[in-house]
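K.L.:
Protein chains in written order, with our numbering: chain A, 891 to 1221; chain B, 891 to 1221.
The C-beta atom is built at its ideal place from N, Cα and C for all residues, glycine as well.
Since the structure is predicted, the reported quantities are computational estimates derived from the model, not experimental observations.
2 protein chains.
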Amino acid sequence: MTRRQEIVRQLTAHTTGSPKPEAQAFAPANVALCKYWGKRDADLNLPVSSSLSISLGSLGTTTGLRLRQGADHIMADRLELSPDDRFCRRLSAFLDLFRPDADTGFVVETRNSVPTAAGLASSASGYAALVLALNDLFQWQLGREQLSILARLGSGSAARSVYNGFVVWHCGASDSGMDSVAERITGEWPELRVGVVIVAGSEKPIGSREAMARTVASSPFFDRWKAVAEADMHQLREAIGNHDLELLGTTAESNAMAMHALMLASRPPVLYWTGATIDVLQRAWALREDGVPVYCTIDAGPNVKLLFLDEAEARVREAFEEATIVQPFGE
Amino acid sequence: MTRRQEIVRQLTAHTTGSPKPEAQAFAPANVALCKYWGKRDADLNLPVSSSLSISLGSLGTTTGLRLRQGADHIMADRLELSPDDRFCRRLSAFLDLFRPDADTGFVVETRNSVPTAAGLASSASGYAALVLALNDLFQWQLGREQLSILARLGSGSAARSVYNGFVVWHCGASDSGMDSVAERITGEWPELRVGVVIVAGSEKPIGSREAMARTVASSPFFDRWKAVAEADMHQLREAIGNHDLELLGTTAESNAMAMHALMLASRPPVLYWTGATIDVLQRAWALREDGVPVYCTIDAGPNVKLLFLDEAEARVREAFEEATIVQPFGE
């Protein structure tokens, strides 16, 4: 039994009922304000440092699930995918952890409320929605912290997408990762807005798993990252507690730049930005110079997310007509 | 007497003859393959780490010099500058170190063989040419290592521009900086080419002195920089000795990315790149993917310098029509 199978067995062994005919669940995309970058265990997706995110309300993934005899059928945004597709193979390998027996497959129907290519960490909302749907289908009745462990086995940042609002994913210390769970932290902030600016879609030069591994192996600055993340986590929690947008924004922006700096210093360098990424950054900074409190963060891709308050929304909409603006704490 | 004055006195006290009526000198621009970033002494421009550059042949600054009664007259590219100009005030403050008496001024005529705005470290070639002209005017008959000390007092990287070819500027260890000198290292490499790609000129968001100071004060990664630079110096010297373009190019490229990573991780972040900078990087990397050995380096600004050999020149010219191509070891 692999370590991953052992974790699933431990969390689901109590289940008595039989599977429901079908289940469906939604999970939001999330934007990390303190980034997850670097694994201490690649098999269990255990991070070197804790991270903190904001979930994106109704932007995310809805996943429907039922069992069938035979191989998996996977449909993404109403298109049936070939079992040879890379996405499908990864998903089926994950589903192997939960398959009642070798002859049983899953029918998975997944729909994203934003284009998958939008770089909105669709693997985060995707694996989180899948685990929530599995919990319903198999009637495990697990709590969210336990579900965050299962989602993490699919994709690290999926651990944070099992919640709405502000979420901390603890790096934990144990080898099993049973203490590397996500939890929602208190703090509603109805005025907070996130603007998602999609820049001209070019394919990522390198997947984030590989980029992370290269950073850990070769970036001369990586040994300083854990301390940076810890200090930023502290500041972000203070900012959330005080509804201090300037502290939240400057910390999130600096944390994102530090993560991209780690990658840039890797050998060979990893650069996710395109020219348009920098143009968006410069436009946001010019707007801030002009008195509009708006801050940027960038995940492992070229797109920029803007952080601001409702009172700046008109100015942001004017400056970034292409932005999708999200209210993380609802309409 | 200030520490700077003491250094000038120590180096020039032996002079017996009277000044010549006029003098003129040329110094080349230089591109650092291992960057100078971070000072251990801001007054004497003493660096934290050693650096290595290639001088750009005939691209640089020619400076004419003579004495006059009264204030300094400074002409740059045939335009007389106002004494209130920031550039003039800095230059006159430097010339104070060499003024025979308070009533004597200098007439300085400086001409750049590339536009000043080209980001070709015109302060490097400018202060180097000025010190070479001062050496001739006052007949100090100083050696190049001593001249590199005086040029450094004007601008750190000017220490390297008193030579052609490959140049090492030693960080030194003494408080006086008398061991922080530049020397030319052996190694002619006639096939080597440097392409200078000027991207749409936007003003620098922050001067390099201030950016350096902010990096030292706030970049969480700065304590690792000296070790990075030392390892890169070693590899570059090996590459020069073996005429190994791949080692030279990958090391120079990684070193430049690490320097920009340091800046990006400063708080607040320092970003010299524009969207066009990234477009040039991506084009160069695409060309390399296509089998053309071409490598990039970027100083504290938005422009990109390409490193390649004569045999790739046609392909580089085709891909970068806007590039100025330099032969560091002559026609």
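Can you tell which of B:R1001, B:R1178, B:A1072, B:S1066 has its C-alpha closest to the C-alpha of E970 (chain B)?
P.N.:
The residue you call residue 970 (chain B) lines up with position 80 of the second sequence. With distances taken between Cα atoms, E970 (chain B) lies closest to B:R1001.
K.L.:
Can the beta-carbon of L1154 (chain B) be found less than 9 Å from the beta-carbon of A1151 (chain A)?
P.N.:
Translated into positions along the second sequence, residue 1154 (chain B) becomes position 264. Translated into positions along the first sequence, residue 1151 (chain A) becomes position 261. Contact flag set, yes.
K.L.:
As a quick exercise: from B:Q959, B:L955, B:G960, pick the residue whose alpha carbon is nearest that of A966 (chain B).
P.N.:
For the purposes of this step, residue 966 (chain B) is taken as the residue at position 76 of the second sequence. Of the listed residues, the one whose Cα sits closest to A966 (chain B) is B:L955.
K.L.:
Go to N1132 (chain A), then tell me how far its alpha helix (DSSP H) extends in each direction, as first and last residue.
P.N.:
As a working mapping, residue 1132 (chain A) is identified with position 242 in the first sequence. Its alpha helix (DSSP H) spans residues 1115-1132.
K.L.:
Which bits of chain A does D1169 (chain B) rub up against, with CB to CB less than 7 Å?
P.N.:
As a working mapping, residue 1169 (chain B) is identified with position 279 in the second sequence. The answer, in chain order, is G1165.
K.L.:
Closest by CA to F1028 (chain A), which one among A:R1127, A:S940, A:V921, A:R989?
P.N.:
Working through the first sequence from its first residue, we reach residue 1028 (chain A) at position 138. For the residues A:R1127, A:S940, A:V921, A:R989, the minimum Cα distance to F1028 (chain A) belongs to A:R989.
K.L.:
Where does R989 (chain B) sit, in a helix, a strand or coil, going by DSSP?
P.N.:
Locating residue 989 (chain B) in the second sequence gives position 99, counting from the first residue. Note: R989 (chain B) maps to coil in three-state DSSP.
K.L.:
Around the Cβ of K925 (chain B), are there at least 16 other Cβ atoms within 10 angstroms (buried) or fewer (exposed)?
P.N.:
As a working mapping, residue 925 (chain B) is identified with position 35 in the second sequence. K925 (chain B) comes out buried.
K.L.:
Cβ of F1219 (chain B) within 8 Å of any heavy atom in the ligand COA?
P.N.:
The ligand COA is absent from the structure shown, which contains no ligands of any kind.
K.L.:
Rounded to a whole number of angstroms, what is the C-alpha to C-alpha distance between A1103 (chain B) and D993 (chain B)?
P.N.:
In the second sequence, the residue the question calls residue 1103 (chain B) occupies position 213. In the second sequence, the residue the question calls residue 993 (chain B) occupies position 103. So the two alpha carbons sit approximately 35 Å from each other.
K.L.:
Report yes if the C-beta distance between E1120 (chain A) and T1187 (chain A) is below 9 Å; otherwise report no.
P.N.:
Counting from one through the first sequence, the residue named residue 1120 (chain A) turns up at place 230. Counting from one through the first sequence, the residue named residue 1187 (chain A) turns up at place 297. Not closer than 9 Å, so no.
K.L.:
When you compare only the Cα positions, how much space is there between D1134 (chain B) and L942 (chain B)?
P.N.:
Counting from 1 along the second sequence, the entry for residue 1134 (chain B) is found at position 244. Counting from 1 along the second sequence, the entry for residue 942 (chain B) is found at position 52. Cα to Cα, D1134 (chain B) sits roughly 16 Å from L942 (chain B).
K.L.:
Taking all protein chains shown into account, decide if S972 (chain B) is buried (16 or more other Cβ within 10 angstroms of its Cβ) or exposed.
P.N.:
The sequence position of residue 972 (chain B) within the second sequence is 82, counting from 1. S972 (chain B) should be labelled exposed.
K.L.:
Quick check on the DSSP output: the beta strand (DSSP E) that includes I1039 (chain B) runs from which residue to which?
P.N.:
The sequence position of residue 1039 (chain B) within the second sequence is 149, counting from 1. Note, I1039 (chain B): premise wrong, no beta strand (DSSP E); alpha helix (DSSP H) at 1034-1044.
K.L.:
Residue range of the alpha helix (DSSP H) that G960 (chain B) falls in?
P.N.:
Here residue 960 (chain B) refers to the residue found at position 70 of the second sequence. Segment: none, G960 (chain B) is in no alpha helix (DSSP H) and carries neither H nor E.
K.L.:
Within 8 Å, do at least three Cβ pairs link the region 1062-1079 of chain A to the region 931-951 of chain A?
P.N.:
Taking 8 Å as the limit for Cβ pairs, the verdict is that the region 1062-1079 of chain A does touch the region 931-951 of chain A.
K.L.:
So which residues of chain B does V1118 (chain A) contact, with C-beta pairs closer than 7 Å?
P.N.:
Locating residue 1118 (chain A) in the first sequence gives position 228, counting from the first residue. Within 7 Å Cβ-Cβ: P1110.
K.L.:
From this set, A:L923, A:M1068, A:W927, A:P918, which residue's C-alpha is nearest K1116 (chain A)'s C-alpha?
P.N.:
Reading the first sequence from its first residue, position 226 is the one you call residue 1116 (chain A). The shortest C-alpha separation from K1116 (chain A) is found at A:W927.
K.L.:
Assign S948 (chain A) to one of three DSSP states: helix, strand, or coil.
P.N.:
Indexing the first sequence from 1 puts residue 948 (chain A) at position 58. Note: S948 (chain A) maps to strand in three-state DSSP.
K.L.:
Given H1060 (chain A), which residues of its chain have a CB within under 7 Å of its CB, disregarding the five upstream and five downstream residues?
P.N.:
Position 170 of the first sequence, counting from 1, holds the residue named residue 1060 (chain A). Closer than 7 Å at the Cβ level, and outside the excluded window around H1060 (chain A), lie S940, D1069, S1070, V1071.
K.L.:
Counting only beta-carbon separations shorter than 9 Å, does M1123 (chain A) have a partner in chain B?
P.N.:
To locate residue 1123 (chain A), count along the first sequence from 1; it is residue 233. False, the Cβ-Cβ gap to chain B never drops below 9 Å.
K.L.:
Work out the CA separation of E912 (chain A) and A1019 (chain A) for me, nearest whole Å.
P.N.:
Against the first sequence, residue 1019 (chain A) aligns to sequence position 129. Against the first sequence, residue 912 (chain A) aligns to sequence position 22. Distance between the alpha carbons of A1019 (chain A) and E912 (chain A) is about 14 Å.
K.L.:
Out of curiosity, what's the CA-to-CA distance linking F1111 (chain A) and E1179 (chain B)?
P.N.:
Numbered from 1 along the first sequence, position 221 holds the residue referred to as residue 1111 (chain A). Numbered from 1 along the second sequence, position 289 holds the residue referred to as residue 1179 (chain B). So the two alpha carbons sit approximately 27 Å from each other.
K.L.:
Using 9 Å as the limit for Cβ to Cβ distance, is H963 (chain A) near chain B?
P.N.:
Looking up residue 963 (chain A) in the first sequence gives position 73. It does not; no Cβ of chain B falls within 9 Å.
K.L.:
When you compare each of B:T892, B:A917, B:L1032, B:V921 to H904 (chain B) by their alpha carbons, which one comes out closest?
P.N.:
Counting from 1 along the second sequence, the entry for residue 904 (chain B) is found at position 14. Ranking B:T892, B:A917, B:L1032, B:V921 by Cα distance to H904 (chain B) puts B:L1032 first.
K.L.:
Going along chain A in order, which residues have a C-beta closer than 9 Å to the C-beta of H1150 (chain B)?
P.N.:
On the second sequence, residue 1150 (chain B) is found 260 positions in, with the first residue counted as 1. Simply A1151, L1154, A1155.
K.L.:
Are there 16 or more other CB atoms within 10 angstroms of the CB of M1123 (chain B), so buried, or fewer, so exposed?
P.N.:
Walking along the second sequence from the start, residue 1123 (chain B) turns up at place 233. It is buried - the Cβ of M1123 (chain B) has at least 16 other Cβ atoms within 10 Å.
K.L.:
Just tell me which of B:T1141, B:V1089, B:R1099 has its CA closest to the CA of T1214 (chain B).
P.N.:
Within the second sequence, the letter at position 324 stands for residue 1214 (chain B). Answer by Cα proximity: B:V1089.
K.L.:
Give the DSSP-derived three-state secondary structure of L1082 (chain A) in the structure shown.
P.N.:
Counted from its first residue, the first sequence places residue 1082 (chain A) at position 192. In this structure, L1082 (chain A) counts as strand in the three-state DSSP scheme.
K.L.:
Looking only at C-alpha atoms, which of A:F1198, A:R976, A:I897 sits nearest to G1085 (chain A)?
P.N.:
The count along the first sequence starts at 1 and reaches residue 1085 (chain A) at position 195. With distances taken between Cα atoms, G1085 (chain A) lies closest to A:F1198.
K.L.:
At the 9 Å Cβ level, is M1147 (chain A) part of the contact set with chain B, yes or no?
P.N.:
Within the first sequence, the letter at position 257 stands for residue 1147 (chain A). Yes - at least one Cβ of chain B is within 9 Å of the one on M1147 (chain A).
K.L.:
Looking at chain C, is there any beta carbon in it that lies within less than 9 Å of the beta carbon of D1113 (chain B)?
P.N.:
Checking the listed chains, one finds no chain C in this structure; the protein chains it contains are A and B.
K.L.:
So which residues of chain A does L1161 (chain B) contact, with C-beta pairs closer than 9 Å?
P.N.:
Sequence index remark: in the second sequence, residue 1161 (chain B) carries index 271 (1-based). Simply M1147, I1168, L1171, Q1172, W1175.
K.L.:
Along chain A, which residues have their Cβ under 9 Å away from the Cβ of T1140 (chain B)?
P.N.:
Taking the second sequence and counting its residues from 1, the one referred to as residue 1140 (chain B) is at position 250. What T1140 (chain B) touches in chain A: R1157, P1158.
K.L.:
Excluding the five sequence neighbours on either side, which residues of its own chain have a C-beta within less than 8 Å of the C-beta of G1055 (chain A), listed in chain order?
P.N.:
Here the question's residue 1055 (chain A) lines up with position 165 in the first sequence. Result list for G1055 (chain A): I944, S945, R1074, I1075, G1077, E1078, P1218, F1219, in chain order.
K.L.:
How should T951 (chain B) be labelled, buried or exposed, when 16 other C-beta atoms within 10 angstroms of its C-beta is the threshold for buried?
P.N.:
Residue mapping note: residue 951 (chain B) aligns to position 61 of the second sequence, counting from 1. With 16 or more Cβ atoms within 10 Å of its Cβ, T951 (chain B) is classed as buried.
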